Amino acid sequence: MAQNLLNALTLGSLYLLFALGMSLAWGTIGILNFAHGSIFMFAAFTGHLLVGQVALPLPLVLLIGTAVGAALSVLAQVLAFEPIQRRARDHRRAELQILVGGIGIATIPLAIAQHATKSVPFGFTGSTFQVEVYRLGPVQLTNVQLVILGAAAVLTGVLAWWLRSARTGLALRSIGVDAEVATMMGVNRRGLAVATMAVAGALAGIAGVLLTYYLGSIAAESGDGFLIKAFAAIVLGGIGSIGGAVAGAMILALAETVVLTQTSGMWVDAVSFGLIFAVLVLRPRGLFGRKEVRRT
Amino acid sequence: MTVIEARDVAVHYGGIKAVDGVDLALEPGRICGLLGPNGSGKSTLLAALTRLVPLTRGTLLLDGAEYQNAAPASLARRGVARTFQTVRLLPDLTVAENVRLGADLRRRAPAGVVDDAIERTGLGDVVRARPGELSYGMSRRVEIARALATSPRLLLLDEPTAGMNQAERQEISELLRRLRDEGLTQLLVEHDVQLMIDTCDDLVAMNFGAVVAHGSPAEVVTDPDVQRAYLGKKWRAHA
Amino acid sequence: MIAWYEANVVLIQSMFISLLLALSIQVPFRAGVFSLAGIGSYGIGAYTAAIVTLQLGWPPFAAIGAGMLLAAVIAYLLALVLARLSGLYLGMATIAYSLILSVAVINGGELTGGAQGLFGAVSDLQTGHVVAVAVAAVVLLALSERGRPGRWIDAVREDPELAVSVGVPVTAIRQLSFVVGGLLGACAGAMNTLLRTTVTPEEVGFHLVVLALTMIIVGGSRSWAGALIGAVVFTWLPTVLAFVGEWQTLVYGVVVAVAAIFVPTGILGLAQDFVRRLRRPALPGGRP
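Following this line, the structure appears as structure tokens:
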């Protein structure tokens, strides 16, 4: 029981790291990046390639994953999302184009990784990092889990502080409320959008590397599944809300753990789909979302 | 019998009382002007009359029958047409097709109703153009033509002459009076007070979501409350 | 000609199935309803047809009809439940709905054959039947793009409030677009199952959502012709791209991304702009 709870907390932390950036970008600059899962996978994949050449320690692999994630996310923003937002006739059309553009972009890193790995799962076998298991009464805890829990707590805290207190964070939130007024007040939308996407991509990269360490290996296709789950967590918590993302990610991980351990069969994937559907029908703004959420 | 009537109508958005306790009655075959500064509640009242916003309280009557719960799409069928404050044309359709959309209300529109609407609004030369190719004044005419193509008994016009020059305004004013003489009841929202005096049979002045004066144009524009709302300007009354 | 047909009969079949699938998304899109429930309907049609063929021995058109009827009823209920949603939220809710169905069929036990799916749904459905159904659907949809229904649907998409003011039954048209999308999707799924005699859960997953979406984004979402262009392109692209071998997915991705960024109206939109420019070279007194 306690073990299951701990595992759910770890899974929830990974969902959270992945979902935070997606939620931030969607809630502020209006970009729902469907290539987020692909970026997450490719960051881990780059780590895998480098670890195959040089025996790297975990912090360095994390750093590489962060950099690759941020770079890919910025690339997608500059080459695709920004031109779409600049040209689209209206908000509704831009949303749809960004969605489809993201799906297209997602295929590119996926195809490269699939080609290189022949769709065989990959990991960090060359890394100097060794998994250690600690026993705390009935519960087993690995050092990977500790890193995941710590990273999720610290990064979520920093992001929340940044949005609440820092000047750039406030400017970003003002875009989320009213983009035009924010521009008139002298907010540099373009620069902030790039920065936001960099942060989102970096978080995805961290999540990808940590997931790979946690599971031992991931596959090129692992990003897609995470994307839908993160979407469920975001919608459940409320778009753009940090607290909402935390609650959404943890509730989703707990619900999945319960379904996985208490039911036979393969219903676990239906949890995230069911949550998305139910929340959108019953409470579209999520548990902690702003009231004036745009539904169009 | 009135054509359309609002009794103690209120529309509140949260704490904002956009319209608060308005009574309005339109007599058949007359043009009633609705006057008031920006944000006084004119457009909200129009939206309430056409059922686009829900009432906070009050009663709406069409030919004496209550309709505050009617489906908005049913009003066009009952002879109520409107134009919008902003130009709202379908960009991919030609001018003729946009007007035709009004006549689509009936499976078999009366013969010539579209041509008639186009001709009366002076759009004969641009029927094949698309909205993107029209001047602002011309686009506004298409709005009016589309409303006329529904063969209405009651026409609600939200600033139909905005963006038109003086000659065009005169033309629209004449058109509205001609339609009135043929029996079309109208509610006209405008900022051009001189045009309102020249066009309307009755005037209603609104401010802060409530009616501050109503009566003949001469009475209303000389009303001290109305004068104050418009910062002491004076207008000539022809009457 | 006959040799070519025989060599490519599977591709020809899947082109018409893809066309119906793309139309199941395009019809709601045209009414401004961003619903991807057509994918779920495809699954309902595919499984219903397999089940009634295997267990009840129904003839193919009865099996297809049963799938379409069930999908239409569910699509109507979905339209009622999701009436408050629009845009991306509606899109995601309908994607979630479609994916729930794909999990449900994995867990459906003997009825749906679990993860292996169903086999041996043999029927005498012919390629000619599929073509005839697709052509009939296209003719009906082409009619709905003309005259009064065409203008109404345009108005519902572009400006629902305006549409209401000229008496267009906006809610009814939106619901109808769900139902028609459901009928088309189920028809595609049912016919595909009967042609292949099998159906598996993988067939109705997220990749089908992506395929349907990319077909009408690349082809164009405004008209049945856009869905046709998309279906043709994505059926024959693999053949054309045979020389790139394993990199096909990559080229796909680039095509989709480029279309979404630079050609939002799709190939159809490009063609229409071109034709329009040819017809009216310049307005008299226009810009030099």
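Line by line, the protein sequences are chains G, H and P.
Heads up: the first sequence begins at 1 in full-length UniProt numbering, then just goes up one per residue.
Heads up: the second sequence begins at 1 in full-length UniProt numbering, then just goes up one per residue.
Heads up: the third sequence begins at 1 in full-length UniProt numbering, then just goes up one per residue.
For each residue, glycine too, the CB sits at the ideal point set by N, CA and C.
Computed from a predicted model, the values in this text were never measured in an experiment.
At a beta-carbon threshold of 7 Å, the residues of chain P lying near Arg-88 (chain H) are Asp-159, Leu-162, ordered along the chain. Any Cβ of chain H closer than 9 Å to the Cβ of Ala-155 (chain P) would place that residue at the interface, and such an atom is present. In this structure, DSSP gives Cys-187 (chain P) a helical state, which the three-state scheme calls helix. Spanning the alpha carbons of Glu-97 (chain H) and Leu-155 (chain H) requires a straight line of approximately 20 Å. Counted as a single uninterrupted DSSP element, the stretch harbouring Gln-186 (chain H) is not any alpha helix (DSSP H) but the beta strand (DSSP E) occupying residues 185-189. Shown here, Leu-157 (chain H) sits in a strand according to DSSP, grouped into three states. Contacts with chain P (Cβ-Cβ distance below 8 Å) from the segment 20-37 of chain G involve Leu-32, listed in chain order. The beta carbon of Ala-73 (chain H) falls within 9 Å of a beta carbon belonging to chain P, placing the residue at that interface. Counting along the chain, Lys-42 (chain H) sits inside the alpha helix (DSSP H) bounded by residues 42-49. Around the beta carbon of Ala-2 (chain G), fewer than 16 other beta carbons lie within 10 angstroms, which makes this residue exposed. Taking 7 Å as the cut-off between beta carbons, the residues of the segment 221-251 of chain P near chain G are Glu-246, Trp-247, Thr-249, Leu-250, in sequence order. Interface residue (Cβ-Cβ distance to chain H less than 9 Å): Arg-84 (chain P) is not classified as such. Any Cβ of chain G closer than 9 Å to the Cβ of Ile-261 (chain P) would place that residue at the interface, and such an atom is present.
With distances taken between CA atoms, Gly-12 (chain G) lies nearest to G:Phe-226 out of G:Phe-226, G:Thr-125, G:Val-54. The alpha helix (DSSP H) runs of length 4 or more contained entirely in the segment 223-278 of chain P are, from start to end of the chain, 224-240, 248-262.
Close CB contacts of Glu-159 (chain H) within its chain, under the 8 Å cut and outside five residues either way in sequence, are with Gln-85, Val-189, Glu-190, His-191 (chain order).
The beta carbon of Val-11 (chain H) sits closer than 7 Å to those of Ala-18, Val-19, Thr-44, Ala-48, Val-53, Leu-55, Thr-56, all from its chain and outside the five residues before and after it, given in chain order. Chain P places a beta carbon closer than 9 Å to that of Val-281 (chain G), counting this residue as a contact. Ala-137 (chain P) places its beta carbon 9 Å or farther from that of Ser-18 (chain P).
Not one beta carbon of chain H lies nearer than 9 Å to the beta carbon of Pro-60 (chain P).
If you draw a straight line from the Cα of Val-81 (chain P) to the Cα of Leu-176 (chain P), it comes to about 14 Å. Chain order gives the chain P residues near Gly-274 (chain G) as Ile-100, where near means a beta carbon separation below 7 Å.
Within chain H, the residues placing a beta-carbon under 7 Å from that of Arg-148 (chain P) are Asp-104, ordered along the chain.
For Ala-195 (chain G), the closest C-alpha among the options G:Gly-243, G:Ala-76, G:Asn-7 is that of G:Ala-76. For Glu-97 (chain H), the nearest CB of chain P lies under 9 Å from its own CB, placing it at the interface with that chain. Taking every protein chain shown into account, the CB of Val-99 (chain H) has 16 or more other CB atoms within 10 angstroms, so this residue is buried.
Non-local C-beta neighbours of Arg-128 (chain H) in its own chain, meaning closer than 6 Å and more than five positions away in sequence, comprise Thr-94, ordered along the chain.
Here Leu-19 (chain P) carries a helix assignment [DSSP, helix/strand/coil]. For Gly-33 (chain H), the enclosing beta strand (DSSP E) starts and ends at 31-35. Take Thr-257 (chain G), set aside five residues on each side of it, and the residues of its chain with a beta-carbon closer than 6 Å to its own are Asn-4, Ala-8, in chain order.
Here the alpha carbons of Ala-93 (chain P) and Ala-75 (chain P) stand approximately 13 Å from one another.
Residues of the same chain with a CB within less than 7 Å of the CB of Val-180 (chain P), apart from the 5 flanking positions on each side, are Val-27 in chain order.
In the DSSP annotation of this structure, Ala-55 (chain G) is not part of any beta strand (DSSP E), being labelled neither H nor E. Counting only unbroken stretches of 4 or more residues, the alpha helix (DSSP H) elements lying wholly within the segment 46-131 of chain G are 58-76, 82-87, 91-117, in sequence order. For Thr-50 (chain H), the neighbours in chain P by C-beta distance under 7 Å run, in chain order, Ser-165. Spatial neighbours of Phe-34 (chain G) in its own chain (CB-CB distance under 7 Å, excluding positions within 5 residues in sequence) are listed in chain order as Leu-99, Gly-102, Ile-103, Ala-106, Leu-227.
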